[in-house]
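Asker:
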Amino acid sequence: MEEIETGDDILMEQLCEGMETYRKDLKSTFLAALMAGLEIGFSFIVVAICYTFFAGKIDEKSIPYLAAFVYPLGFVLVILGKSILFTEQTSLLFLPVLSGKKSLMELFRLWGVVILGNLIGGYIIGFIFTLIGPALGVISEAGITSLASHVSHYSNGVIFGSAILAGWLMALLSWIITSITRAIGKIAVIYIITFIIGLSGFHHSIVGSIEVFAGFISSSDIAFFDYLSFVGLALLGNAVGGVVFVAILKYGAFIADNDKDF
27 MEEIETGDDI LMEQLCEGME TYRKDLKSTF LAALMAGLEI GFSFIVVAIC YTFFAGKIDE
87 KSIPYLAAFV YPLGFVLVIL GKSILFTEQT SLLFLPVLSG KKSLMELFRL WGVVILGNLI
147 GGYIIGFIFT LIGPALGVIS EAGITSLASH VSHYSNGVIF GSAILAGWLM ALLSWIITSI
207 TRAIGKIAVI YIITFIIGLS GFHHSIVGSI EVFAGFISSS DIAFFDYLSF VGLALLGNAV
267 GGVVFVAILK YGAFIADNDK DF
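Residue numbers (my numbering): 27 to 288.
Take a look at the structure:
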């Protein structure tokens with residue numbers, strides 16, 4: 027039976043894990059982030075398949091709810107594979123800044139490397155699958171466009187607010203995973219939390235980037251500005267959600283309880 031860790035224990039482990047990421051060579055970090063972008067692309071793939079397969083068979087408004095059941099698969103691959111995904115790292119990398127061990131400039135540099143790797147990996151898997159998916163008969167351009175439009179058609183305020191909630195949940199996922207040692211427990215937590223994100227339609231910057239990018243290269247209905255606007259808002263919202271609701275509040279709770287710093 028697993029020993030239940032306290033919030034203080036988890037915070038200390040998160041801080042140590044964050045510091046370990048800072049110590050890594052930037053090239054190694056970029057490659058791990060690139061792998062995460064590629065692996066998270068499988069969430070896009072299975073969701074795009076759902077949009078294609080169920081089109082015309084059920085009410086179009088019901089498709090996103092069915093797709094939510096397969097949406098977590100890419101996250102399972104990324105997190106168990108120990109790749110570096112931006113939304114899982116927001117609070118993790120901010121904790122060393124809160125504790126005074128790292129500066130904001132070091133944080134932004136590392137975030138930039140991770141985001142760049144994630145986005146490039148996503149572009150690669152998105153581009154490849156938009157080419158071979160229709161040839162395999164598992165997706166259609168109409169399915170990709172429908173998915174991209176569903177993700178990006180909201181107002182800027184809705185996308186930003188939704189991304190904050192997604193960032194909060196992803197940072198919470200990272201927090202909870204730290205306290206779990208068994209793979210089956212980790213898979214269950216990953217599935218539950220990312221299922222909530224998918225079912226609620228919250229905007230995840232990296233998966234959403236792949237979805238909207240695929241729509242952009244597949245159809246003239248999605249403009250490049252639409253893609254840039256979406257990614258910028260989603261990244262900012264995810265960062266705010268992870269930093270404010272998990273890193274700052276949990277660190278603040280620790281300081282209040284212990285009246286001491288690291």
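Glycine residues also receive a C-beta, built at the ideal position from the N, C-alpha and C atoms. It should be emphasised that the depicted structure is a prediction, and the values quoted were computed from it without experimental measurement.
1) Output the distance between the C-alpha atoms of Ser117 and Phe280, rounded to the nearest integer angstrom.
2) Return the Cβ separation of Val289 and Ile223 in integer angstroms, given the expectation that the two are a contact with Cβ distance under 8 Å.
3) Might you give, ordered along the chain, the residues of its own chain that have their beta carbon closer than 6 Å to the beta carbon of Tyr217, omitting 5 neighbours on each side?
4) Given this structure, state the Cα-to-Cα distance separating Ile185 from Glu132, to the nearest angstrom.
5) What are the partner residues of Ile185, as DSSP defines its beta bridges?
6) Assuming the contact rule is C-beta atoms closer than 8 Å, Phe221 and Ala94 should be a hit. Round their C-beta distance to whole Å, please.
7) Among the residues of its own chain, which have a CB less than 6 Å from the CB of Ile105, if the five just before and after it don't count?
8) Helix, strand or coil: how does DSSP classify Ile165 here?
9) Mapping DSSP to helix, strand and coil, what is Ala94?
10) Could you tell me how far apart the beta carbons of Ile89 and Thr55 are, in whole angstroms, since I believe they sit closer than 8 Å?
11) Return the CA-CA distance between Tyr48 and Gly107, expressed in angstroms with no decimal places.
12) First and last residue of the alpha helix (DSSP H) that includes Thr116?
13) Considering only their Cβ atoms, is the gap separating Ala273 from Phe120 smaller than 8 Å?
Answerer: The answer reads as follows:
1) Along the sequence shown, one-based indexing puts residue 117 at 91. Along the sequence shown, one-based indexing puts residue 280 at 254. Those two C-alpha atoms are separated by around 15 Å.
2) Residue 289 lies beyond the range of the chain shown here (27 to 288); nothing can be said about it.
3) The residue given as residue 217 occupies position 191 in the sequence shown. Only Pro98 meet the Cβ criterion.
4) Sequence index remark: in the sequence shown, residue 185 carries index 159 (1-based). Sequence index remark: in the sequence shown, residue 132 carries index 106 (1-based). Those two C-alpha atoms are separated by around 28 Å.
5) On the sequence shown, residue 185 is found 159 positions in, with the first residue counted as 1. Its beta-bridge partners do not exist; DSSP assigns none.
6) Start at 1 with the first residue of the sequence shown, and residue 221 comes out as number 195. Start at 1 with the first residue of the sequence shown, and residue 94 comes out as number 68. Going by Cβ atoms, the distance from Phe221 to Ala94 rounds to 6 Å, so yes, they are a contact pair.
7) Here residue 105 is taken as the residue at index 79 of the sequence shown, counted from 1. Result list for Ile105: Ile216, in chain order.
8) Within the sequence shown, numbered from 1, the residue matching residue 165 stands at position 139. In this structure, Ile165 counts as coil in the three-state DSSP scheme.
9) Position 68 of the sequence shown holds residue 94. Looking at Ala94 - three-state DSSP - the assignment turns out to be coil, as it is neither helix nor strand.
10) As a working note, residue 89 is residue 63 in the sequence shown. As a working note, residue 55 is residue 29 in the sequence shown. Not quite, the Cβ-Cβ distance comes to about 36 Å (not below 8 Å), so this is no contact.
11) As a working mapping, residue 48 is identified with position 22 in the sequence shown. As a working mapping, residue 107 is identified with position 81 in the sequence shown. For Tyr48 and Gly107, the distance between alpha carbons rounds to 19 Å.
12) Taking the sequence shown and counting its residues from 1, one reaches residue 116 at position 90. Unbroken alpha helix (DSSP H) run through Thr116: Phe112 to Leu124.
13) Residue 120 sits at position 94 when you count from the first residue of the sequence shown. Residue 273 sits at position 247 when you count from the first residue of the sequence shown. The Cβ atoms of Phe120 and Ala273 lie closer than 8 Å to each other.
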